[in-house]
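So the sequence shown is numbered by our numbering: it starts at 995 and just counts up by one.
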Amino acid sequence: MAQEDLISKKELLDLTSISYGQLYRWKRKNLIPEEWFIRKSTFTGQETFFPKEDILKRIEKIQSMKENLSLDELAEMFSPKLDQLSVTKSELLEKGLVTDAVMSFFTENTDKRTEVFELKEALAVYVLEGLLQSGEISLEEGKMVLDVLLSKASKHQGRLIVLRKLGVAACFITEGDIVFEQAAKIAADIDLAAAGEELKTKLV
995 MAQEDLISKK ELLDLTSISY GQLYRWKRKN LIPEEWFIRK STFTGQETFF
1045 PKEDILKRIE KIQSMKENLS LDELAEMFSP KLDQLSVTKS ELLEKGLVTD
1095 AVMSFFTENT DKRTEVFELK EALAVYVLEG LLQSGEISLE EGKMVLDVLL
1145 SKASKHQGRL IVLRKLGVAA CFITEGDIVF EQAAKIAADI DLAAAGEELK
1195 TKLV
């Protein structure tokens, strides 16, 4: 993550007018994810930084809702169990998480006809959107990605890998390191747990 995408703890407290105690109470209650607390070495020693856009949005949301909801209720709202998450097709489109073109591609290449998406389906179309928009994979490879992500064995964990060798692609999910011959090139490497957390954050 680029330095300009981060905000220091001091800047954050000054900007949002919250106290050190509030920040760490919200962390203990899981209102702010542990992984957003990024320790970095600076010329004054170790400092804590945060992903700027994510933390500012989250604090604004907490401040706007804490009058009506307890911290425990807020924590439940921010941290729904990933495997229990569901979202509608319209919501994915309205939030700009998926384009009409990729949603149509998803529908054409799966038997998905209902409005409500379970996590596995939402994550599959979200990952597919990123890969197709970045040009990392072709439409034909997109069909393979969907097949793997929607398979019964997929548990939205591990890494989704798309390999290419001599123009032929292969797609699989691995939970460990992989070693492959030099002639094969990695076309895409997606951390599915991180993608799921990112999707969840954008849906809240």
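Positions of the beta carbon are idealized from the N, C-alpha and C atoms, including for glycine.
How big is the Cα-Cα spacing for residue i and residue j?
i, j, result
"L1125", "A1187", "16 Å"
"R1153", "A1116", "17 Å"
"Y1018", "L1197", "24 Å"
"S1058", "Q1016", "15 Å"
"F1031", "A1069", "17 Å"
"N1103", "G1090", "21 Å"
"K1055", "K1004", "20 Å"
"L1193", "E1061", "26 Å"
"F1099", "D1183", "21 Å"
"I1201", "S1013", "Residue 1201 is absent from the model: the chain starts at 995 and stops at 1198."
"L1140", "G1161", "19 Å"
"Q1040", "K1034", "6 Å"
"M995", "P1045", "Bear in mind that a pLDDT of 45 at M995, under 50, signals an unreliable position, so the number given afterwards is only what the model happens to contain. Their backbone Cα atoms lie some 8 Å apart in a straight line."
"Q1176", "E1130", "19 Å"
Any idea what DSSP makes of residue i, helix, strand or coil?
i, result
"D1105", "coil"
"D999", "helix"
"T1082", "strand"
"I1199", "The chain is shown from 995 up to 1198; residue 1199 falls before or after that span and cannot be answered."
"V1110", "strand"
"V1096", "helix"
"T1010", "helix"
"G1136", "helix"
"V1173", "coil"
"E1028", "helix"
"L1091", "coil"
"S1145", "coil"
"I1056", "helix"
"K1196", "helix"
"G1190", "helix"
"I1131", "coil"
"K1051", "helix"
"K1004", "helix"
Residues bridged to residue i by DSSP?
i, result
"R1153", "T1168 and D1185"
"S1035", "Q1040"
"V1162", "K1159"
Which residues mark the beginning and the end of the beta strand (DSSP E) in which residue i is found?
i, result
"Q1253", "Past the edges of the chain, shown from 995 to 1198, lies residue 1253, and the structure says nothing about it."
For the alpha helix (DSSP H) that contains residue i, what are its first and last residues?
i, result
"S1128", "L1113 to S1128"
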